[in-house]
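Notes follow once the structure below has been shown.
Residue numbers (my numbering): -18 to 144.
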């Protein structure tokens, strides 16, 4: 595949993945304006370096990695906060999940939440999540199962918002 074909392929994948890229960026930066900036910068970086892509099969993971790194760059200049209630609610409402799950997600650490969001709300495979997080697939499985166990225990006892 030549440079022009790679660039066109990357552009098509960006168009298909735009909403997911936005949600991923939003999960890091926690506000709409910054998330849009992250996506815009990520698209620019991806198109600019499209000719350097070696494995077309991993374009989506490569795009997500660019979004994550760009988000982290922006966060580096700001104080780090927990995931906002809004992104958790949007992700769960999009999938019509139980409200107890929203409350229980607050009890997970950032990496556990990210694994849950990528695996279940973005329907990614374990290997794709591992590639994005730059972790071993077995490590991601451990994080996933630990997070699921925490969620199960928390939901069974009434969740974070139990009053």
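Cβ coordinates follow ideal geometry from the N, Cα and C atoms, glycine included.
1. Just the C-alpha distance for residue -8 and residue 0, rounded to the nearest angstrom, thanks.
2. What is the DSSP secondary structure of residue 46, reduced to helix, strand or coil?
3. Following the continuous alpha helix (DSSP H) through residue 110, name the residue where it begins and the one where it ends.
4. Counting C-beta neighbours from all protein chains within 10 Å, is the total for residue -11 16 or more, i.e. buried, or is it exposed?
5. In angstroms, rounded to a whole number, what distance separates the CA positions of residue 53 and residue 22?
6. Give every residue of the same chain whose Cβ lies closer than 8 Å to the Cβ of residue 33, excluding the five residues on either side of it in the sequence, and list them in chain order.
7. Where does residue 104 fall in DSSP's three states?
8. Excluding sequence positions up to five away, which residues of its chain have a Cβ less than 8 Å from the Cβ of residue 27?
9. By alpha-carbon positions, which one of 24, 25 and 3 ends up nearest to residue 16?
10. Is residue 62 buried or exposed, if buried means 16 or more other CB atoms sit within 10 Å of its CB?
11. In whole angstroms, give me the CA-to-CA distance for residue -17 and residue 128.
12. Terminal residues of the continuous alpha helix (DSSP H) containing residue -13?
13. Among the residues of its own chain, which have a CB less than 7 Å from the CB of residue 122, if the five just before and after it don't count?
14. Confirm, please, whether the CB-CB distance from residue 24 to residue 6 is below 8 Å.
Considering the structure as presented:
1. 14 Å
2. Looking at residue 46 - three-state DSSP - the assignment turns out to be helix.
3. 107 to 114
4. Exposed, by the Cβ-count rule.
5. 12 Å
6. Contacts found: none.
7. coil
8. -9, -5, 43, 44 and 47
9. 3
10. Unreliable positioning characterises residue 62 in this predicted model, as indicated by a pLDDT of 42, which lies under 50. The coordinate reading is nonetheless provided below. Residue 62 comes out exposed.
11. 43 Å
12. Here the alpha helix (DSSP H) through residue -13 covers -16 to 10.
13. 107
14. no
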